[in-house]
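Chemist: Going line by line, the protein sequences match chains A and B.
Just so we're aligned: 1511 in the working numbering is position 217 of the first sequence, and the numbers increase by one with no gaps anywhere.
Just so we're aligned: 73 in the working numbering is position 59 of the second sequence, and the numbers increase by one with no gaps anywhere.
Backbone N, C-alpha and C fix where the C-beta goes; we use that ideal spot for every residue, glycine too.
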Amino acid sequence: MVSTKMNKLRALPFAMFLALAAFAVNGLMADVASAKEVFAEQAFAEQAFAKEVLAEEGAEGEGEGEPAIEWSQDVFYKDWEGNPLKGPVSGAPAPDLGPNDYNNYDFAPSRILLWIANQQHLYFGSFVLAVPIFCMLIEFIGIRTRESDPVLSEKYDRLAQDLMKVSLTAYSWTAILGGVLLFTFITLFPGFFKYMAGIFRPVMHVYALMFLAESGVLYVYYYGWEKMKHDPFLKWIHCSLSVLLNLIGTVLMYLANSWATFMQAPGGIDEQGRFLGNIWHVIHSTLWNPVGVHRILGNIVFGGGIVGAYAAYHYLTAKTPEEKAHYDWVCYIAMFIAIFGLIPLPFAGYWLMKEVYAFRQQMGITLMGGIMAWLFIIQAVMIGLLFFGANSYLHNSMARVRGSHRYMKYCKYMVLVLIVCFTAWMTPHTIVMTPAELKEMGGAQHPVVGHFGVMSAKNTAVNLMITTTIFCFLLYQRANKKITVKWATIGNCWLGAIFVGAACNIVYLGVYGYFLPANQRVGLSVPQVTTTLTTLFAGTAINISMFKDSESYGDIEWGTQSRVATYAIFLLAISFTWLMGLMGYIRSAVRLFWHVTEVLRDNSPDAYTLTIGEAGKILTFNALFVWVQFVIVFWVGSLTGKKKVESAAPQGVPVPAQQQQ
Amino acid sequence: MNKTFLSLIVTLGVALALHFGVKPMFLPKEPTMIFNRYAFFIVLVLSIIAVNLILRLSPVMTMKAAYVWGLGFYFYDQILYPHVPWTLFITYMMLWTIGTFLYISQDSKTFAEFREPIVKTITGEFKIARYIVFAALPVLVGMGTYKFIYPTYPEPVELRTVHPAPPATTKVHGKTYTLEGLQNPYRVDEQDNYYEGGTHLPVEGKFPFLDAESVEYMKYVTEGGTVFFQNCHYCHGDQLNGLGMFSHVFNPTPANFVDPGTIAMLRESFLFWRVSKGGPGLPNESTPWSSAMPPWEEHLTTEQIWKVVLFEYWYTGWHPRTFDEESSSGGEGGGGH
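1) Have a look at residue 1826/A and residue 1819/A and give me their C-alpha separation to the nearest angstrom.
2) Measure from the C-beta of residue 238/B to each C-beta in chain A and report whether the shortest distance is under 8 Å.
3) May I ask which residues mark the beginning and end of the beta strand (DSSP E) holding residue 1381/A?
4) Bridge partners of residue 1523/A, per DSSP?
5) Any chance the region 1703 to 1721 of chain A sits against the region 1744 to 1756 of chain A, with 3 or more Cβ pairs inside 8 Å?
6) Could you have a look at residue 1896/A and say whether DSSP puts it in helix, strand or coil?
7) Taking 8 Å as the CB-CB cut-off, is residue 1441/A touching chain B?
8) The beta strand (DSSP E) that contains residue 1409/A, what's its start and end?
9) Within 8 Å of any Cβ in chain B, is that where the Cβ of residue 1324/A sits?
10) Beta-carbon of residue 1770/A versus every beta-carbon of chain B: anything under 8 Å?
11) Which residues mark the beginning and the end of the alpha helix (DSSP H) in which residue 1574/A is found?
12) May I ask which residues mark the beginning and end of the beta strand (DSSP E) holding residue 1365/A?
13) If you follow the beta strand (DSSP E) that residue 191/B is in, where does it begin and where does it stop?
14) So residue 1690/A contacts chain B; which residues on that side make the cut at Cβ distance below 9 Å?
15) Under DSSP, the alpha helix (DSSP H) around residue 183/B begins and ends at which residues?
16) What did DSSP end up calling residue 216/B once you bin it into helix, strand or coil?
17) To the nearest whole angstrom, what separates the beta carbons of residue 28/B and residue 62/B, a pair I think is in contact under 8 Å?
18) When burial is assigned at 16 or more other CB atoms within 10 Å of the CB, is residue 31/B buried or exposed?
19) So is residue 1377/A buried or exposed if we call it buried at 16+ other beta carbons inside 10 Å?
20) Can you give the Cα-Cα distance for residue 1484/A and residue 1894/A, rounded to whole angstroms?
21) Work out the CA separation of residue 1790/A and residue 272/B for me, nearest whole Å.
22) What is the residue span of the alpha helix (DSSP H) that residue 1675/A lies within?
23) According to DSSP, residue 1563/A sits in a beta bridge with which residue or residues?
24) Comparing C-alpha positions only, which one of 1898/A, 1890/A and 1760/A sits nearest to residue 1388/A?
25) Check the C-beta distance from residue 34/B over to residue 54/B and give it rounded, since I have them as a contact under 8 Å.
26) By the three-class DSSP mapping on this structure, what secondary structure does residue 313/B have?
27) Say whether chain A places a C-beta atom closer than 8 Å to the C-beta of residue 299/B.
28) Interface residues of chain A around residue 106/B at Cβ under 8 Å?
29) Evaluate the contact criterion for the region 1590 to 1601 of chain A versus the region 1630 to 1646 of chain A: three or more CB pairs, one atom per stretch, below 8 Å.
30) Note the first and the last residue of the continuous beta strand (DSSP E) segment covering residue 1890/A.
31) Return the CA-CA distance between residue 250/B and residue 280/B, expressed in angstroms with no decimal places.
32) Between residue 1871/A and residue 1610/A, is the Cβ-Cβ spacing less than 8 Å?
33) Going by DSSP in three states, residue 1845/A sits in which element: helix, strand or coil?
34) How long is the line joining the alpha carbons of residue 1925/A and residue 1428/A, rounded to whole angstroms?
35) Check whether chain B comes within 8 Å of residue 1415/A, counting only Cβ atoms and requiring the distance to be less than that.
36) Taking contact to mean 3 or more Cβ pairs, one atom from each stretch, closer than 8 Å, check whether the region 69 to 89 of chain B and the region 124 to 131 of chain B are in contact.
Have a look at this one:
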């Protein structure tokens, strides 16, 4: 039995190897890739030039009565020589908004109302984008395990279908919230919305049509589940539909992202805000890609958190051991996916911040050193909570696996590393202190902990925290396995060497960063991240390879998850909801008094930056409000299940043993 | 005797003996690599572990948690020097408390072991402990309340933004400068390549500090240094570490340029703006009324300001912040990235 189970794992090392190879080749091929990029850019510039010449010729050739095409310079894009790219003026300039362009209700500022509407829509949007990713993965695993373990395969399939059922309700809820958001924009900020609609008109229509496609695929995917379940070919088609569903969902998200990234870092318009005829430039502004990647990963963690919290609640209230076992297992799947998304998430964040700095130093400093810096300190606390929650769950889950006693002794050291790293991670550069404390310290910076205030220390800390989490995950994987391969000792040595080597390299690069100019120091984060990801890919590949022909100390006893682990899941879910709101607020509020940075000024009475306390209140309200809605959505989703219970035999009526479950 | 109780007595004894007897030896007037306060802390931790292991005391989880938490408190309160501000101390202790909780809750067995004496104390199984706790609790709360309401008059703390975002443009001596992309005219590039005497060709691979022949570059640096020592060092210090002779009367203290978190993280254009406009030119988020730095544009020429900036980087060995050309150019060729 064990060996058959292990057979299916053979593909995993191979997959991990492929992933590592792809990851490494990507780095090795950097020159080739950059050469291609240069070529593509050149071709693009030539194309733009030709278009410009043609347009000019066209303008000259036309009769005198025809208006000449006006050309203007892009605020962001540059041509091959570094001069601003020119384009034909194709839109109205950004308006100078006055009192008539803003409406308000007496009970709350318009900005707060819009913030709440936006955040609620985004929360639900994230959830309905994440759940299909879950379903795709879980259904795929179910298909792959069908032959080796039909019972487990059925469990996977049922779980994916149950999640989709909840997603269906959440989907219409998201659309309703989207409608609320749209009306809030139109009614409270008509002047601003008119300008945005003027530029993004075609994108908005494509967005609406994509929603139609998403709905169609979603309904076929959900309602066709039972019909396509039994035939292997149809089942693969069904699984492919989930891929299509995710593709459409991703395109939808990217289209919607373009509006936000345009507002923050516009491109494709001139200084007056006039559209220059290239819709791709407007969509593909500088922050579009990093925001997109960051949101995809964030959605996965968020979705994992919500599903995990849902399962954790049912686990705590379960009345039968079977129910407990099932929800314990669902918690495991949800957390597995959430942690999988959590590991690369900080790197996507770094990329985004790097691009923000590159766009405007002013914006970068406002975020990291200026008026938003204290919110970033709060963010650091929340991220720490996420890692603590994830590791606490892993430790507790590992403890209930037979054979884990061999590894549990390492847990306290992992906790120590996490805490020490987190201490460095959240030590602020500027400390709040009284003048007396300042004098005692002898200066604004502490001679010891003051060194933790810069990015070299923070990068090192976060990479070590992630590496520790990966190490913990590997121990969890092998907790119930007795390794029997001949090369077990060598494999363990390799694993040890990889992790110790990685830790040394990360620390070395961190210390080295203090001796380098700031721009080169930023570059050090790349080898640090590479080191961390190498531990993930190489470590997991070696670890899984060692499971071949391994003996089992016993299966995981589902239904014995500790209460601490269960509450850790709640902590993760709530922290992530709050954190999402916080980061969304920071990203949006960094525009300060601009609707569209440096182009369309916010002249409303709400164009001020909230105090930290006020922002915190709204964030907390948003997080609580969305969780109330999630509870309702899950309750609605469970109504179908309840019907089944009601149709069971009434009490007192004898039921034959064969018919009893 | 109960082993846990014995462990408590022994551990406290060792800790007190080391604190009063050995710690002074680790605090000589001239600290060395071996005899310093951090080395003492390692000795303390190892001694406590060793004495418990040798006597095979193996205290219960509750006691272990108390030791771990207590050692953390001792480190932040007594070892880390100079003492960190109260806000940071609270933050660190909060983290250490979370860490202690993760340690005790790593599995349901350790957590149950941790809870057991607490539950037994509350339910009355440990009678003496209950008497002590229920007697000590109101006393502690009372002391805490007394301390809390006892009037003290500290100066208020404030959240001050030290590096505010610079404006897009700044007007100095009648000329408007766009800060984005503004370069120091006395520097060839940010990596300290410099003009070789009149040739106006960058000389790569040489750091001017080490190159006595870099006449022109060093001339500007020297001029900048002269201006610095005539005007700035009274506050920013002759080592540029923010500890000038007047620095202690200012709150906040003058910037420490040696610190990796100040000029090393900023572009030269930022410094140009800050030096020119001084405290009054700060945005409200930086509480301009809390800065004593004068607007130096009223006392120095534009050239002098740039030379002072050049000197500050040269003296500290930092390089001004730069960004990838590729990223900041908006995607050359129009393709973005």
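Modeler: According to the data block:
1) 10 Å
2) no
3) 1378 to 1382
4) Residue 1523/A is not bridged to any residue.
5) yes
6) coil
7) no
8) Here residue 1409/A belongs to no beta strand (DSSP E); instead the alpha helix (DSSP H) covers 1404 to 1438.
9) Its pLDDT being 43, under 50, residue 1324/A is placed unreliably in this model, and the value from its coordinates should be taken loosely. It does not; no Cβ of chain B falls within 8 Å.
10) no
11) 1573 to 1577
12) 1365 to 1372
13) 189 to 192
14) 119, 120, 121, 122 and 125
15) First-last for residue 183/B: 183 to 186, but that is the beta strand (DSSP E), not the alpha helix (DSSP H).
16) For residue 216/B, the pLDDT reaches just 47, beneath the cut-off of 50, and the residue's location in the model is therefore unreliable, although a value from the coordinates is still provided. Residue 216/B falls in the strand class under three-state DSSP.
17) 6 Å
18) exposed
19) exposed
20) 13 Å
21) 39 Å
22) 1667 to 1693
23) 1569/A
24) 1890/A
25) The Cβ separation is near 12 Å, so there is no contact.
26) coil
27) yes
28) 1717
29) yes
30) 1888 to 1890
31) 17 Å
32) no
33) strand
34) 19 Å
35) no
36) yes
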